[in-house]
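First the structure, in the form of structure tokens, and then the observations on it.
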Amino acid sequence: MTRPTINDIARAAGVSKGTVSRVLNGHATVAQRTRAQVEHVMSELGYAPDPAARQLSWRTGQTLGLSTLSGDPLLSPYQVLLRRSLEAHTAPAGVQLLDLHGDLHTLTRLPSAVLLLHIRPLDHRLELLARQRVPVVMIGHHPTFRWAAPDDQGGALLATRQLTQAGHRELMFLGSGISQVARDREAGFLEAAAEVGARVSTLPGGFTVLDGYRTVRRAWEDGLRFTGCFAASDEQAVGVVAALEDLGMRVPQDVSVVGFDGLPELPLPINLTTVAQDIPCIAAAALELVQEALSGQPVRGVKVPVHLVPGQTVAPPP
Numbered sequence: 001m002t003r004p005t006i007n008d009i010a011r012a013a014g015v016s017k018g019t020v021s022r023v024l025n026g027h028a029t030v031a032q033r034t035r036a037q038v039e040h041v042m043s044e045l046g047y048a049p050d051p052a053a054r055q056l057s058w059r060t061g062q063t064l065g066l067s068t069l070s071g072d073p074l075l076s077p078y079q080v081l082l083r084r085s086l087e088a089h090t091a092p093a094g095v096q097l098l099d100l101h102g103d104l105h106t107l108t109r110l111p112s113a114v115l116l117l118h119i120r121p122l123d124h125r126l127e128l129l130a131r132q133r134v135p136v137v138m139i140g141h142h143p144t145f146r147w148a149a150p151d152d153q154g155g156a157l158l159a160t161r162q163l164t165q166a167g168h169r170e171l172m173f174l175g176s177g178i179s180q181v182a183r184d185r186e187a188g189f190l191e192a193a194a195e196v197g198a199r200v201s202t203l204p205g206g207f208t209v210l211d212g213y214r215t216v217r218r219a220w221e222d223g224l225r226f227t228g229c230f231a232a233s234d235e236q237a238v239g240v241v242a243a244l245e246d247l248g249m250r251v252p253q254d255v256s257v258v259g260f261d262g263l264p265e266l267p268l269p270i271n272l273t274t275v276a277q278d279i280p281c282i283a284a285a286a287l288e289l290v291q292e293a294l295s296g297q298p299v300r301g302v303k304v305p306v307h308l309v310p311g312q313t314v315a316p317p318p
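Residue numbers for the sequence shown follow the numbering used here, beginning at 1 and rising by one.
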């Protein structure tokens with residue numbers, strides 16, 4: 001009897017080959033009803049994925065670059081977790097993962113494909129890679145390129161509503177410049193604040209603990225006041241809590257703080273209220289998109305759901 005293929009499963013289930021692939025890889029982006037239908041068909045046809053074939057989907061000798069901007073910290077907790085998740089898929093397939101930090105124009109040879117982090121308007125990396133015909137996948141959404149990203153705006157809505165539902169009406173957003181991530185999370189913050197007519201202020205900064213500390217401490221000393229803060233990253237949120245405590249404020253009794261990322265083992269004495277993103281799922285989706293780009297499949301994006309993780313840093317305003 002001929003062994004069923006992934007094409008057979010897709011045809012019998014009435015879905016695309018890509019959907020079957022996402023079910024096999026455990027992606028959270030597949031609707032539960034669709035997943036159940038695909039799994040039922042696989043069971044009926046006696047399908048079992050071939051591990052060797054899955055590794056051979058990457059060609060031997062291919063390289064994958066992870067491109068970060070010159071100001072990005074290489075050893076941030078988020079980047080460490082993302083790289084670890086990527087390597088869990090690339091290493092068994094014999095694909096070399098390269099760190100491309102800073103200006104890509106200095107490279108004498110570009111990798112087989114590139115993952116871009118922290119996309120900015122008029123990002124010059126896009127022009128260079130397009131000219132060299134190097135497939136690109138973004139960690140972060142984009143209207144015309146392949147991308148995989150958490151639901152940044154929806155997550156910011158969840159975070160800010162956690163503050164407004166606790167009664168906060170004087171809110172501050174701590175962003176991180178002009179990156180797509182910061183703009184989407186600020187949009188979610190402003191939408192949730194507008195729902196209740198809250199007074200808002202926004203501060204630019206970076207994603208690190210030190211950025212959060214310095215920005216909030218200087219603003220507070222200059223007279224800015226708020227009872228609820230949504231920080232665009234967990235690392236920033238840690239810095240915010242430290243700054244407030246050094247200023248004599250108590251978290252959450254005087255000021256509430258919510259972060260974004262869901263990073264483990266943060267250096268805080270209490271659990272941070274945050275919005276968690278599924279970093280392994282984002283990495284797996286990004287790599288699937290890289291393979292689709294290398295094989296000439298249509299451009300698409302993958303938005304990975306996020307969820308609120310209640311902690312101990314939100315309380316009603318004083």
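Even glycine gets a Cβ: it sits at the ideal position worked out from N, Cα and C.
Considering only DSSP beta bridges, list what residue i is partnered with.
{"i": "Lys303", "result": "Ala149"}
{"i": "Met138", "result": "Leu116 and Trp147"}
{"i": "Ala231", "result": "Leu174"}
{"i": "Arg199", "result": "Glu170"}
{"i": "Ala276", "result": "Asp261 and His307"}
{"i": "Leu64", "result": "Leu97 and Ala113"}
Would you kindly check if the distance between the Cβ of residue j and the Cβ of residue i is under 8 Å?
{"i": "Glu235", "j": "Ser21", "result": "no"}
{"i": "Val322", "j": "Thr313", "result": "Because the chain here runs from 1 to 318, residue 322 falls outside it and cannot be looked at."}
{"i": "Gly228", "j": "Leu272", "result": "no"}
{"i": "Ala91", "j": "Ala315", "result": "no"}
{"i": "Gly239", "j": "Gly212", "result": "yes"}
{"i": "Ala113", "j": "Ala293", "result": "yes"}
{"i": "Gly177", "j": "Gly155", "result": "no"}
{"i": "Leu174", "j": "Ala231", "result": "yes"}
{"i": "Asp151", "j": "Lys17", "result": "no"}
{"i": "Ala192", "j": "Leu157", "result": "yes"}
{"i": "Gly46", "j": "Pro77", "result": "no"}
What distance in whole Å lies between the Cβ atoms of residue j and residue i, which are believed to be in contact at a cut-off of 8 Å?
{"i": "Thr274", "j": "Val258", "result": "7 Å"}
{"i": "Leu66", "j": "Leu104", "result": "Not really, about 12 Å apart at Cβ, beyond 8 Å."}
{"i": "Val306", "j": "Ala283", "result": "Not a contact, Cβ separation roughly 15 Å."}
{"i": "Thr34", "j": "Pro111", "result": "That belief does not hold up - the Cβ atoms of Thr34 and Pro111 are roughly 33 Å apart, past 8 Å."}
{"i": "Gly120", "j": "Gln153", "result": "The residue you asked about is not Gly; residue 120 is Arg in the sequence shown. Wrong, their Cβ atoms sit about 17 Å apart, outside the cutoff."}
{"i": "Val196", "j": "Thr164", "result": "5 Å"}
What's the C-alpha gap between residue i and residue j?
{"i": "Leu115", "j": "Thr208", "result": "22 Å"}
{"i": "Leu128", "j": "Thr108", "result": "13 Å"}
{"i": "Ala194", "j": "Gly301", "result": "29 Å"}
{"i": "Ala286", "j": "Ala36", "result": "23 Å"}
{"i": "Arg11", "j": "Glu39", "result": "13 Å"}
{"i": "Arg199", "j": "Arg169", "result": "6 Å"}
{"i": "Gln180", "j": "Glu44", "result": "44 Å"}
{"i": "Met42", "j": "Ala31", "result": "17 Å"}
{"i": "Gly205", "j": "Leu308", "result": "23 Å"}
{"i": "Asp123", "j": "Thr68", "result": "12 Å"}
{"i": "Thr202", "j": "Met172", "result": "6 Å"}
{"i": "Val255", "j": "Arg131", "result": "49 Å"}
{"i": "Ala93", "j": "Met249", "result": "51 Å"}
{"i": "Ser70", "j": "Gly102", "result": "4 Å"}
{"i": "Thr160", "j": "Ala243", "result": "20 Å"}
{"i": "Ile6", "j": "Leu247", "result": "60 Å"}
{"i": "Ser233", "j": "Arg183", "result": "13 Å"}
{"i": "Arg54", "j": "Leu268", "result": "Residue placement at Arg54 is poorly supported in this model, since its pLDDT is 46, which falls under 50; the coordinates still yield a value, given next. When rounded, the distance between both Cα atoms is 41 Å."}
{"i": "Ile139", "j": "Leu75", "result": "17 Å"}
{"i": "Leu56", "j": "Gln291", "result": "Note on Leu56: pLDDT 37, under 50, position unreliable in the model; the coordinate value appears next. The straight-line gap from Cα to Cα measures roughly 11 Å."}
{"i": "Leu86", "j": "Leu117", "result": "13 Å"}
{"i": "Gly14", "j": "Leu81", "result": "35 Å"}
{"i": "Pro143", "j": "Leu100", "result": "24 Å"}
{"i": "Pro51", "j": "Leu126", "result": "Residue placement at Pro51 is flagged as unreliable, the pLDDT there being 46, under the threshold of 50; the coordinate-derived value follows with that caveat. Approximately 34 Å, taken between the alpha carbons."}
{"i": "Arg83", "j": "Ile270", "result": "27 Å"}
{"i": "Leu24", "j": "Arg146", "result": "21 Å"}
{"i": "Gln253", "j": "Val134", "result": "52 Å"}
{"i": "Ala219", "j": "Glu265", "result": "28 Å"}
{"i": "Thr19", "j": "Pro280", "result": "18 Å"}
{"i": "Phe260", "j": "Ser295", "result": "34 Å"}
{"i": "Gln162", "j": "Thr106", "result": "45 Å"}
{"i": "Val241", "j": "Pro317", "result": "16 Å"}
Inside the segment 81 to 126 only - beta strand (DSSP E) runs reaching at least 3 residues: With a minimum length of 3 residues, the continuous beta strand (DSSP E) runs that stay inside the segment 81 to 126 are 96 to 101 and 113 to 117.
Where in the segment 230 to 260 do unbroken runs of the alpha helix (DSSP H), each at least 4 residues long, occur, reported from the N-terminal end onward? Those alpha helix (DSSP H) runs which fall completely within the segment 230 to 260 and span 4+ residues are 234 to 246.
Which whole runs of the beta strand (DSSP E) in the segment 5 to 51 are 3 residues long or more, in chain order? Those beta strand (DSSP E) runs which fall completely within the segment 5 to 51 and span 3+ residues do not exist here.
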